[in-house]
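Student: According to numbering that gives the first Met the number 0, the stretch in the sequence shown is residues 0 to 294, in order. Note that CB positions come from ideal geometry on N, CA and C, so glycine has one too. If you scroll down you'll find the structure; I have some questions about it.
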Amino acid sequence: MPVAFLGLGAIGAPIAAHLTSSDRLTVWNRTRARSEAFAREHRVTAAATPREAAAGADVLLCCLPTSVEVEQVLFGAEGAADGLGRGALVIDCTSGDPVTSRRIAARLAERGIDFVDAPVSGGVPLAIKGELTVMLGGEGAAVERARTVVGAFGKKVVHLGPVGAGHAVKAVNNALLAANILAASEGLTALVKAGIAPRLAVETINASSGASFTTQVLVPDRVLNGSYPRLFRHALLDKDCGIAVDLDRALGVEAPVLEAVKARMAALRAELGEDADYMDPFARAEQRAGVAIRG
Ligand code: NDP
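See the structure below:
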């Protein structure tokens with residue numbers, strides 16, 4: 000099955016690496032050097048434009064920062080939609096927004112092309128292992144077809160509803176992640192400043208009711224050992240919080256906590272910059288308090 004993949008960023012590249020056994024994988028990336036390096040490493044083809052990558056593909060996957068870029072690479076100049084034929088399927092692994100995704104799906108449907116949103120969770124480490132959670136939004140036959148593709152990099156693949164449902168669940172998931180990161184950075188910093196051994200504090204919380212993915216996995220792997228790898232941009236997590244808050248607003252759901260999380264994430268984004276990692280709020284809290292959460 001000829002497959003095209005657009006967007007070889009931090010998580011796009013390890014996802015695409017699981018698709019190299021397809022009959023023909025063609026990749027495209029805005030910065031050409033990245034797609035050429037990927038093509039050399041995996042012995043696949045690098046295309047010059049989204050349209051060229053899409054030409055003749057049965058399935059096209061993309062993994063871009065937001066749905067804005069997805070719509071651009073599909074329908075902009077040299078867009079991928081012009082390269083796809085009727086009956087093709089677009090699988091969008093971007094953590095996108097449901098409203099734009101529904102519009103994209105409608106525009107593709109006019110050309111006889113199916114669309115499934117398929118955002119992922121698990122981060123770069125699970126992307127490398129091919130063990131992501133994949134959240135599907137779309138209609139019956141297209142979703143079943145998408146399952147056969149995303150199974151190459153997904154361990155848990157869940158169909159959540161019509162187009163946009165995957166993106167909605169992903170946004171709320173990430174808003175909860177952001178809430179945990181912000182709260183844990185504030186709380187753990189205070190405990191260390193109070194003189195409590197960081198590892199002991201984290202282990203105790205992890206045996207108690209305040210435990211979360213943040214305290215169980217992220218803090219031990221990235222903060223306690225001071226490694227702070229650069230795997231997921233804070234700006235992208237802030238974008239996800241915005242999508243979650245927009246969902247609440249559109250549905251008239253009161254969301255003072257998520258609104259506060261979003262406001263704090265935006266303020267940190269302005270302070271830390273577009274390239275900051277999503278765990279950098281911990282480093283910032285440490286610096287401000289003059290402590291190190293190590294152990
Ligand atoms: P990165 O910032 O690492 O990469 C972004 C990719 O999009 C790059 O390939 C970049 O190209 C490309 N790009 C950026 N702007 C444009 C544009 N205007 N036109 C075309 N291509 C563009 O992001 P990630 O790979 O980390 O994230 C991608 C998506 O996956 C996001 O929606 C993110 O929220 C989501 N995600 C990320 C996870 C992670 O752990 N990193 C985990 C789960 C979801 P170039 O090389 O030229 O910059």
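Using DSSP bridges, identify the partner residues of M134.
Tutor: According to DSSP, M134 bridges with V157.
Student: Would you say the beta carbon of L217 is closer than 7 Å to some non-hydrogen atom of the ligand NDP?
Tutor: Incorrect: L217 has no Cβ contact closer than 7 Å to the ligand NDP.
Student: Assign V290 to one of three DSSP states: helix, strand, or coil.
Tutor: Reduced to three states, the DSSP call for V290 is coil.
Student: Among E68, V115, D237 and D274, whose alpha-carbon lies nearest the alpha-carbon of A259?
Tutor: The shortest C-alpha separation from A259 is found at D237.
Student: Would the stretch 103-117 count as touching the stretch 35-43 if we require 3 or more Cβ pairs under 8 Å?
Tutor: Output reads no: the stretch 35-43 does not touch the stretch 103-117.
Student: Got a sec, what are the start and stop residues for the beta strand (DSSP E) L217 sits in?
Tutor: No beta strand (DSSP E) holds L217; DSSP gives it neither H nor E.
Student: Taking the alpha carbon of G111 as the point to measure from, which residue in C92, A80, G186 and D96 has its own alpha carbon closest?
Tutor: For G111, the nearest C-alpha among the options comes from A80.
Student: What is the residue span of the beta strand (DSSP E) that C61 lies within?
Tutor: Taken as a continuous stretch (DSSP letters only), the beta strand (DSSP E) holding C61 covers V58 to C61.
Student: Whole angstroms is fine: what's the gap from S207's alpha carbon to L190's?
Tutor: Near 16 Å, if we compare the C-alpha coordinates of L190 and S207.
Student: Cα separation between V115 and A266?
Tutor: Using only the alpha carbons, I get a separation of about 33 Å.
Student: Given a threshold of 16 other Cβ atoms within 10 Å of its Cβ, counted over all protein chains shown, does I292 qualify as buried or as exposed?
Tutor: Buried is the call here.
Student: Is the separation between the beta-carbon of A52 and that of A3 shorter than 8 Å?
Tutor: For A52 and A3, yes; Cβs fall inside 8 Å.
Student: Just to check, is the beta-carbon of G6 closer than 7 Å to a non-hydrogen atom of the ligand NDP?
Tutor: Yes - the ligand NDP has a heavy atom lying nearer than 7 Å to the Cβ of G6.
Student: Does the Cβ of P228 have 16 or more other Cβ atoms within 10 Å, making it buried, or fewer, making it exposed?
Tutor: The residue is exposed, with fewer than 16 neighbouring Cβ atoms inside 10 Å.
Student: In this structure, does DSSP put A3 in helix, strand or coil?
Tutor: Strand at A3.
Student: Give the secondary structure of R229 by DSSP, where H, G and I count as helix, E and B as strand, and everything else as coil.
Tutor: Coil.
Student: In this structure, how does DSSP classify S20 when only helix, strand and coil are distinguished?
Tutor: Reduced to three states, the DSSP call for S20 is coil.
Student: For a test of your reading of the model: does the CB of F231 fall under 7 Å from any non-hydrogen atom of the ligand NDP? Yes or no.
Tutor: It does: the Cβ of F231 is within 7 Å (strictly closer) of some heavy atom of the ligand NDP.
Student: Can you give the Cα-Cα distance for T30 and L176, rounded to whole angstroms?
Tutor: Going by the C-alpha atoms only, they are around 30 Å apart.
Student: Please name the residue or residues paired with T25 in a DSSP beta bridge.
Tutor: Answer is A3 and T44, bridged to T25.
Student: Tell me the residue span of the alpha helix (DSSP H) that contains L176.
Tutor: Taken as a continuous stretch (DSSP letters only), the alpha helix (DSSP H) holding L176 covers A164 to K192.
Student: Please identify the residue among R50, L60, T65 and A32 whose C-alpha is closest to the C-alpha of T19.
Tutor: That would be L60, whose Cα lies nearest to the Cα of T19.
Student: Alpha carbon to alpha carbon, how far is V98 from V162? Give it in angstroms, no decimals.
Tutor: Answer to the nearest angstrom: the Cα atoms are 9 Å apart.
Student: Using a threshold of 8 Å, state whether the C-beta atoms of A117 and M134 are closer than that.
Tutor: Yes; because the gap between Cβ atoms is below 8 Å, this pair is in contact.
Student: Identify, in the order they occur along the chain, each residue of the same chain with its Cβ nearer than 7 Å to the Cβ of G121, setting aside the five sequence neighbours on each side.
Tutor: Within the same chain, G121 has close Cβ partners E130, L131 and T132.
Student: Taking only three categories from DSSP, how would you classify F37?
Tutor: Helix.
Student: Consult DSSP for S94 and reduce its assignment to one of helix, strand or coil.
Tutor: Three-state DSSP puts S94 in coil, outside helix and strand.
Student: Report the partner residues of D116 according to the DSSP bridge assignment.
Tutor: D116 is bridged to D91 and G136.
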